[in-house]
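Written below as structure tokens is the structure these notes are about.
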Amino acid sequence: MSCNSTSGKDILIKSGKVINPVSQKEFISDIYISKGIVKEIKKDIEASDNKIGSSKDVTVIDASGYLVCPGFIDMHVHLRDPGDEDEETIESGAAAAIRGGITTVACMPNTKPPIDSEHLVKYIIEKSRVTNCEVLPVAAMTKGIRGKNICELGILAESGAVAFSDDGRCVMDSKLMYEIMKYSNQFGLPLILHEEDYNFSEFGLVNEGYYSSILGLDGISSLSDEVIIARDIMLAKKTKAKIHITHVSSKGSLDLIRKAKEGGINITCDVTPHHLFFNDSCLETFNTNFKVKPPIRSEEDRKAIILGIKEGVIDAVASDHAPHLDIEKNTTFKEASFGVIGMETLFKACFTKLFKEEKIKLSKVISLFTNSPAEILKIDAGLIKVGKKADIVVIDPNRVSKIKKEEFVSKSCNSPFIGEELSGEIIYTISNGKLVFNNKLK
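Written out as structure tokens, the structure reads:
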């Protein structure tokens, strides 16, 4: 396994099954990449072709039997930089992303200090330039993400922010949220909303239901999410704001979003792999790697998430990658921190659950972390196309691997998927035209 980039060389991908998530077509083809750009997509391209140049300057990838997809986009990650670099840094987070086939991430602003100023947005952009993954900053909606005073959204947008969010915190003040929505309309960027009514969630640890009762753990009602989602749908209807509900966890939330879409509200949403993969029966082991917010909910909610993907109500899957130190997780369930890592298992979990088990069309699954988040964030990514930057991932769909704690590239290893056997191994990641990850078995 190697993460060294091959700079200066053209790349020729041979005989892979190319997945186009926009047209939903799958076809066998070669792809030729030169100077970071996709130059040709067709069958039978030869490295000795005069148009390509000397074959010694071309890295040839035999993708026979493999899937060839656009580089993945994870629109919700926490890189902990600045402030908690012992948990993750921009560099280590980018390396973990590349290991998971992710070539673009949008990082949340709840750092220390929060990303609520021009110089901090630029800090993220500048520090990410040395990585192999494009890191897009999401700026705070309120100063210090305290939910009191609106940030200078215009300056943050001009500095390079791709969205606004107070993720990690909910803006409880309805009038303030109304003003944020009106203000954000000037810039055309989405508001990524963490929906949580603290009157329902305060002191809660897990989903309120059967398992919280028998395990003696304080519950968090799904109303915690649903009350605020309903509020923000009403505010979005009034303001015409573009809102994105992140880490949706309950059937009730999806019902609200479905009706809002039918009513013409400018709303999108995402779910996490752990919410679509697990239900709250996992809590019987008191494994703190299942302690997240919003909590992993009932089997009814999990099935509703799967249905929401099949029906197109859910627009994207995002990891909500939230690294924590072992000492923050290796403690009592009550004292443990909320959050799990997820970039390195994003594709595998979705491929296993949605494609292999639920039989959802592969191109539809791939669209959940390629062109769909690209459209939400209004970025030029998520598609393999002649003339476009080459962000491409090559996958062995038949390789099954058991997720092991010691194999994570992330600085943290608080994954709920440890011990799970997942299908779909990332073999190569090409980012910005460079081969930056090589996992080919010798």
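The opening residue of the sequence shown carries number 6 in our numbering; numbering runs sequentially from there. Glycine residues also receive a C-beta, built at the ideal position from the N, C-alpha and C atoms. Being a predicted model, the structure only gives us computed values, none of them experimental.
Under 9 Å between the Cβ atoms of residue i and residue j?
{"i": "Asn284", "j": "Glu304", "result": "yes"}
{"i": "Asp230", "j": "Asp202", "result": "yes"}
{"i": "Val387", "j": "Gly76", "result": "Rather than Val, the amino acid found at residue 387 in this sequence is Gly. Yes, they are a contact pair."}
{"i": "Ala323", "j": "Met146", "result": "no"}
{"i": "Thr116", "j": "Leu161", "result": "no"}
{"i": "Ile38", "j": "Ile16", "result": "yes"}
{"i": "Leu427", "j": "Lys364", "result": "no"}
Would you identify the three-state DSSP class for residue i, choosing helix, strand or coil?
{"i": "Phe169", "result": "strand"}
{"i": "Phe291", "result": "coil"}
{"i": "Gly1", "result": "For residue 1 there is no data in the structure shown, the boundaries of the chain being 6 and 447."}
{"i": "Asp260", "result": "helix"}
{"i": "Ser406", "result": "strand"}
{"i": "Ser20", "result": "strand"}
{"i": "Thr337", "result": "coil"}
{"i": "Cys418", "result": "coil"}
{"i": "Thr375", "result": "coil"}
{"i": "Glu498", "result": "Given a span of 6 to 447 for the chain in the structure shown, any question on residue 498 remains unanswerable."}
{"i": "Cys175", "result": "coil"}
{"i": "Gly347", "result": "coil"}
{"i": "Gly269", "result": "coil"}
Return the CA-CA distance between residue i and residue j, expressed in angstroms with no decimal places.
{"i": "Ile408", "j": "Arg174", "result": "31 Å"}
{"i": "Val399", "j": "Cys74", "result": "6 Å"}
{"i": "Asn4", "j": "Lys247", "result": "Because the chain is modelled from 6 through 447, residue 4 falls outside the range shown and cannot be assessed."}
{"i": "Lys256", "j": "Arg307", "result": "8 Å"}
{"i": "Ile219", "j": "Leu288", "result": "10 Å"}
{"i": "Leu240", "j": "Leu181", "result": "11 Å"}
{"i": "Asp223", "j": "Asp385", "result": "44 Å"}
{"i": "Asp331", "j": "Cys418", "result": "8 Å"}
{"i": "Thr290", "j": "Lys19", "result": "46 Å"}
{"i": "Lys187", "j": "Arg151", "result": "19 Å"}
{"i": "Thr293", "j": "Glu412", "result": "19 Å"}
{"i": "Tyr216", "j": "Ser286", "result": "7 Å"}
{"i": "Lys30", "j": "Val82", "result": "29 Å"}
{"i": "Glu184", "j": "Val65", "result": "54 Å"}
Going by DSSP, what residue range makes up the beta strand (DSSP E) through residue i?
{"i": "Tyr433", "result": "426-436"}
{"i": "Tyr71", "result": "Neither: Tyr71 is in no beta strand (DSSP E) and is coded neither H nor E."}
{"i": "Asp230", "result": "That residue, Asp230, is in no beta strand (DSSP E); its alpha helix (DSSP H) goes 228-244."}
{"i": "Val441", "result": "439-443"}
{"i": "Ile389", "result": "From DSSP, Ile389 is part of no beta strand (DSSP E); its letter is neither H nor E."}
{"i": "Ala111", "result": "107-112"}
In the DSSP assignment, find the alpha helix (DSSP H) that holds residue i and state where it starts and stops.
{"i": "Asp35", "result": "Not the alpha helix (DSSP H): Asp35 falls in the beta strand (DSSP E), residues 30-39."}
{"i": "Ala309", "result": "304-316"}
{"i": "Pro278", "result": "278-282"}
Closest to residue i by CA distance: which of the options is it?
{"i": "Ile42", "options": "Val441, Asn444, Ser436, Leu220", "result": "Ser436"}
{"i": "Arg302", "options": "Ile225, Thr357, Leu367", "result": "Ile225"}
{"i": "Ile250", "options": "Leu440, Val405, Ser258", "result": "Ser258"}
{"i": "Pro142", "options": "Ile130, Ser377, Pro118", "result": "Ile130"}
{"i": "Leu72", "options": "Val414, Lys40, Ile389, Lys393", "result": "Ile389"}
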